[in-house]
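Below you'll find the structure, written out as structure tokens, and then a few comments.
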């Protein structure tokens, strides 16, 4: 009898337990972050974006410039062919920079860089794409970022990566927008017909929040100044190419400005370094050690800001640390011209 009573008690206990717990949740024991509610609405205000190397020492960066920018994109976070991410070289510096930018009112994003072959591999495989997207989204959540900038240089229609890049962008945009985070891309000047220009599809443009147009490193495309890599005429041609040929809307167009000069052999030198060696901030070229460097001075910058206000919806600069300081800063001047 004692055995029977004991068996009935145990059985009753098991039935009771079964009623209380129907299923252990899949995320049991894992911390989760609730996503925002409501539909995602893309920000269509005029943008002033600065790229900054993610390993810059926060103690040396001219952080006052962050207050002049609407967005800061930290470069770069690199993917691997299996969809995982290479750790940043100096996480503490990145976090320090991110905090400085946020404190000064700028939105912050990580810029995804890396070898084109890696992107071709990961984008071509649906499983690896999913892993990559999940890892990027987790990085954004971990560091409380506002968005992601994809800088794949470059998808090519000749290799089929125009199609796989479209898949990648759609999947990344879907995940980020669900969290109310933005996705931008950085693209070539687009002035040469061919597979690189066709590597960015209309579907990609539809999915992203805005497109950073690298209207520089394009020597030989301005008949009036063949040795200059980034004239006003080149900027105008870049906008024409992307807006007229590729259907890029004005509200998604962000015009790129170089914070450096280049010679005819493609060697670069910082704008700040040029000025410290005697270059005139109002001019567009300077001879240093018998080499002519071509850059954007304040007068050309003012013209480009006017063009961006008329034909685009923002400006972006590569790269913050290459700018001059004080009143000769191109970022400072542009912020005043925008007003």
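Numbering (my numbering), first residue to last: 24 to 362.
Quick reminder that beta carbons are idealized off the backbone N, C-alpha and C, glycines included.
All values reported here derive from a predicted model rather than from experimental measurement.
- Residue 146 is a Cβ neighbour of residue 190, given a cutoff of 8 Å.
- The beta carbons of residue 100 and residue 111 sit closer together than 8 Å.
- Distances from the CA of residue 81 to each of 276, 282, 118, 104 were compared; the closest alpha carbon is that of 118.
- Proximity of the stretch 349-360 to the stretch 315-327 meets the contact definition, three or more beta-carbon pairs being nearer than 8 Å.
- 170 is the residue among 170, 305, 162, 236 whose C-alpha sits nearest the C-alpha of residue 130.
- DSSP places residue 88 in the helix class (H, G or I) of the three-state scheme.
- By the CB criterion at 8 Å, residue 180 and residue 222 fall inside the cutoff.
- By the beta-carbon neighbour count (other beta carbons within 10 angstroms, threshold 16), residue 121 is buried.
- Taking the Cβ atoms as the reference, residue 277 lies roughly 6 Å from residue 70, within the contact range of under 8 Å.
- Linking residue 183 to residue 114 through their CA atoms gives a straight-line distance of about 35 Å.
- In the DSSP annotation of this structure, the continuous segment of the beta strand (DSSP E) that includes residue 71 starts and ends at 70-76.
- Exclusion of the five residues before and after residue 220 leaves 213 as the residues of its chain whose Cβ lies within less than 6 Å of its Cβ.
- Along the stretch 323-353, the beta strand (DSSP E) occurs as fully enclosed runs of 3 or more residues at 337-341, listed in sequence order.
- Beta-bridge analysis with DSSP links residue 255 to no other residue.
- With respect to residue 127, residue 90 sits close: the two C-beta atoms are nearer than 8 Å.
- Boundaries of the alpha helix (DSSP H) around residue 191: 184-201.
- As far as DSSP is concerned, residue 162 takes part in no beta bridge.
- Between residue 342 and residue 142, the C-beta spacing is not below 8 Å.
- Taken through DSSP and simplified to helix, strand or coil, residue 119 comes out as helix.
- When secondary structure is reduced to three states using DSSP, residue 267 falls in the helix class.
- Counting C-beta atoms within 10 angstroms of its own C-beta, residue 319 has 16 or more neighbours from the protein chains shown and is therefore classed as buried.
- The shortest CA-to-CA distance from residue 281 to any of 236, 83, 88 is the one to 236.
- Note on residue 345: 16 or more other CB atoms within 10 angstroms of its CB, so buried under the neighbour-count rule.
- For residue 310, the enclosing beta strand (DSSP E) starts and ends at 308-311.
- Look at residue 167 here: in three-state DSSP terms it is coil, with no helix or strand label.
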